[in-house]
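Numbering (my numbering), first residue to last: 1063 to 1446.
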């Protein structure tokens, strides 16, 4: 019986290859278009997975003690969100009240900081420019104050009252719960996308980077809470002594910005000094000096005494490298870049140490001293 010839394809291999490439490009564009259309909800899921990433080691420890993945997730999830709800009920109401007061202080005609700015302009006009200040500056100040106050007020109201924000608060716990369920399976699936010959080295490198970033983030979150609490306690004492306001807002600002090296301490110091000077019931200059000195002392104490013990030297970057990374991150991505600069720089250092171990291996002070001593001996021998 004669074989029936198989039908030949109307496409050449080159055409098939081009069709595959065009199809892949179209698929990528479709995926990008899809994510662009849903970009408003992506941050919510990123926050949920980030929280799950931070809580995952606790779930792993419970699994080691006999809990199932679901049981450990329920325990960690419940404790975390009960603490978050309790903290929110204690902190949020007075914080909203203070933020509303701060916003109103920028608004004309009787806002505290608006009047202070007018006094500064009058001083510059009388003492510096001898009455020759252009009249448009006062009008510009009023417009800027109104726009700033209205912008902050609208943002605060929209964040607290919109249905989208309420829906996000409701849906976030569910995202965290289910993300905790799939963190480990996702890692296992991603591992099989790596070629077999590179799987183990890359697995070890990714594990080290994950541990570094995890320790850095968890350590700094703990430090931020500690700095915020200490700032609030210190400012409460200043409130009792001098009658200043905005204690909770300044304290939370100090804790929230502590993770931003240099910039966070500077911002908290200036904001605390301004709040102390403008709201103290008596001895306003002394209050401002005490607050600024106290905030600087608190930040320096945490930087030099507490932070090395909690975060440790896991990142292992020189201060100049840290400063360069923060400035580069701020130039590229603003505040977010400053927050991510140090862990990214630490991860890059780990990659370089893995690829070029001889060139990027850490050198201790003792090893450096030995090398310098041996170099001096060689020079003396050559001189003879």
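For each residue, glycine too, the CB sits at the ideal point set by N, CA and C.
Is DSSP giving residue 1255 helix, strand or coil here? Position 193 of the chain shown, counted from the first residue, corresponds to residue 1255. The answer is coil: DSSP assigns residue 1255 none of H, G, I, E or B.
Is it buried or exposed for residue 1273, if we count other Cβ within 10 angstroms and need 16 for buried? For the purposes of this step, residue 1273 is taken as the residue at position 211 of the chain shown. An exposed status is given to residue 1273, since fewer than 16 other beta-carbon atoms sit within 10 Å of its beta-carbon.
For residue 1361, tell me which candidate among 1291, 1346, 1409, 1395 has the shortest Cα-Cα distance. Along the chain shown, one-based indexing puts residue 1361 at 299. Of the candidates 1291, 1346, 1409, 1395, the one whose C-alpha sits nearest the C-alpha of residue 1361 is 1291.
Endpoints, alpha helix (DSSP H) assigned at residue 1319: On the chain shown, residue 1319 is found 257 positions in, with the first residue counted as 1. Counting along the chain, residue 1319 sits inside no alpha helix (DSSP H), nor does DSSP assign it H or E at all.
Residue 1157 and residue 1314 look like a contact to me (Cβ under 8 Å); what is the Cβ gap, rounded to whole Å? Stepping through the chain shown from its first residue, residue 1157 is reached at position 95. Stepping through the chain shown from its first residue, residue 1314 is reached at position 252. The C-beta distance from residue 1157 to residue 1314 rounds to 7 Å, short enough to fall under 8 Å.
If you reduce the DSSP assignment to three classes, tell me which class residue 1239 lands in. Here residue 1239 corresponds to residue number 177 of the chain shown, with the count starting at 1. Under the three-state reduction of DSSP, residue 1239 is assigned to helix.
Please report how far the alpha carbon of residue 1347 lies from the alpha carbon of residue 1334, in whole angstroms. Here residue 1347 corresponds to residue number 285 of the chain shown, with the count starting at 1. Here residue 1334 corresponds to residue number 272 of the chain shown, with the count starting at 1. Here the alpha carbon of residue 1347 sits roughly 12 Å from the alpha carbon of residue 1334.
Continuous alpha helix (DSSP H) stretch holding residue 1095: start and end: Translated into positions along the chain shown, residue 1095 becomes position 33. Residue 1095 -> alpha helix (DSSP H) spans 1075–1099.
Residue 1343 - containing alpha helix (DSSP H), residue span: Along the chain shown, read from residue 1 onward, the residue named residue 1343 stands at position 281. For residue 1343, no alpha helix (DSSP H) encloses it, and the DSSP letter there is neither H nor E.
Own chain, CB closer than 6 Å to residue 1409, minus 5 neighbours either side, in chain order: Looking up residue 1409 in the chain shown gives position 347. Within the same chain, Cβ atoms closer than 6 Å to the Cβ of residue 1409 are found at 1271, the five residues on either side in sequence being excluded.
For residue 1155, which of 1247, 1096, 1249, 1310 has the nearest alpha-carbon? Position 93 of the chain shown, counted from the start, is the residue given in the question as residue 1155. Considering only alpha carbons, the answer is 1310.
Bounding residues of the alpha helix (DSSP H) (the contiguous stretch that carries residue 1164): Within the chain shown, numbered from 1, the residue matching residue 1164 stands at position 102. Residues 1131–1167.
Since residue 1367 is in the alpha helix (DSSP H), which residue starts that stretch and which ends it? Translated into the one-based positions of the chain shown, residue 1367 becomes position 305. Residue 1367 -> no alpha helix (DSSP H), and no H or E assigned at all.
With a cut-off of 8 Å on the beta carbons, I'd call residue 1153 and residue 1134 a contact; round off their distance for me. Residue numbering aside, residue 1153 sits at position 91 when the chain shown is read from its first letter. Residue numbering aside, residue 1134 sits at position 72 when the chain shown is read from its first letter. Your pair residue 1153 and residue 1134 does not check out as a contact, with CB atoms roughly 28 Å apart and the cut at 8 Å.
Which of the three DSSP states, helix, strand or coil, is assigned to residue 1418? Residue mapping note: residue 1418 aligns to position 356 of the chain shown, counting from 1. In this structure, residue 1418 counts as coil in the three-state DSSP scheme.
Pull up the distance between the alpha-carbon of residue 1103 and that of residue 1396, whole angstroms please. Within the chain shown, the letter at position 41 stands for residue 1103. Within the chain shown, the letter at position 334 stands for residue 1396. Cα to Cα, the separation comes out at about 22 Å.
Report all residues from its chain with a CB closer than 8 Å to the CB of residue 1224; omit the five preceding and five following residues, and keep chain order. By 1-based counting over the chain shown, the position of residue 1224 is 162. A caution first: residue 1224 carries a pLDDT of 49, below 50, which makes its placement in the model unreliable, though a value can still be read off. Nothing listed; no residue qualifies.
Closest by CA to residue 1417, which one among 1383, 1400, 1266, 1283? Walking along the chain shown from the start, residue 1417 turns up at place 355. Here the closest residue by C-alpha is 1266.
For residue 1119, the three-state DSSP class (helix, strand or coil): Your numbering for residue 1119 matches position 57 in the chain shown. The DSSP-derived three-state label of residue 1119 is helix.
To the nearest angstrom, report how far apart residue 1177 and residue 1166 are at their CA atoms. For the purposes of this step, residue 1177 is taken as residue 115 along the chain shown, with counting starting at 1. For the purposes of this step, residue 1166 is taken as residue 104 along the chain shown, with counting starting at 1. Approximately 12 Å between the Cα atoms of the pair.
Which residue's Cα is closest to the Cα of residue 1161: 1337, 1342, 1329? To locate residue 1161, count along the chain shown from 1; it is residue 99. Looking at the Cα atoms, 1337 is the closest of the given residues.
Return the Cβ separation of residue 1293 and residue 1317 in integer angstroms, given the expectation that the two are a contact with Cβ distance under 8 Å. Mapped onto the chain shown, residue 1293 falls at position 231. Mapped onto the chain shown, residue 1317 falls at position 255. Contact holds; Cβ gap of about 6 Å.
Please tell me whether residue 1275 and residue 1405 are closer than 8 Å, where the distance is taken between their beta carbons. As a working mapping, residue 1275 is identified with position 213 in the chain shown. As a working mapping, residue 1405 is identified with position 343 in the chain shown. A contact, by the Cβ cut-off of 8 Å.
What's the C-alpha gap between residue 1365 and residue 1384? Walking along the chain shown from the start, residue 1365 turns up at place 303. Walking along the chain shown from the start, residue 1384 turns up at place 322. Approximately 14 Å, taken between the alpha carbons.
Please return the same chain residues whose Cβ sits closer than 8 Å to the Cβ of residue 1235, not counting the five positions on each side in sequence. Residue mapping note: residue 1235 aligns to position 173 of the chain shown, counting from 1. If you ignore the 5 residues before and after residue 1235, its C-beta comes within less than 8 Å of the C-beta of 1139, 1143, all in its own chain and listed in chain order.
Report yes or no: do three or more beta-carbon pairs, one from the region 1295–1310 and one from the region 1275–1287, lie closer than 8 Å? With the cut-off at 8 Å, the region 1295–1310 and the region 1275–1287 do not touch.
Between residue 1400 and residue 1322, is the Cβ-Cβ spacing less than 8 Å? As a working mapping, residue 1400 is identified with position 338 in the chain shown. As a working mapping, residue 1322 is identified with position 260 in the chain shown. In contact: residue 1400 and residue 1322 (Cβ atoms closer than 8 Å).
By DSSP, does residue 1072 sit in helix, in strand, or in coil? One-based indexing of the chain shown puts residue 1072 at position 10. In the three-state scheme derived from DSSP, where H, G and I count as helix and E and B as strand, residue 1072 is classed as coil.
Shortest alpha-carbon distance to residue 1131 belongs to which of 1295, 1256, 1245? The sequence position of residue 1131 within the chain shown is 69, counting from 1. For residue 1131, the nearest C-alpha among the options comes from 1245.
Determine the burial state of residue 1501: buried for a count of at least 16 other Cβ atoms within 10 Å of its Cβ, exposed for fewer. Because the chain here runs from 1063 to 1446, residue 1501 falls outside it and cannot be looked at.
From residue 1141 to residue 1115, what does the alpha carbon distance come to, in whole angstroms? Locating residue 1141 in the chain shown gives position 79, counting from the first residue. Locating residue 1115 in the chain shown gives position 53, counting from the first residue. When rounded, the distance between both Cα atoms is 16 Å.
By how many angstroms is the C-alpha of residue 1269 removed from the C-alpha of residue 1257? Residue 1257 sits at position 195 when you count from the first residue of the chain shown. Residue 1269 sits at position 207 when you count from the first residue of the chain shown. The alpha-carbon of residue 1257 is positioned some 17 Å away from that of residue 1269.
Out of curiosity, what's the CA-to-CA distance linking residue 1349 and residue 1304? Translated into the one-based positions of the chain shown, residue 1349 becomes position 287. Translated into the one-based positions of the chain shown, residue 1304 becomes position 242. Linking residue 1349 to residue 1304 through their CA atoms gives a straight-line distance of about 6 Å.
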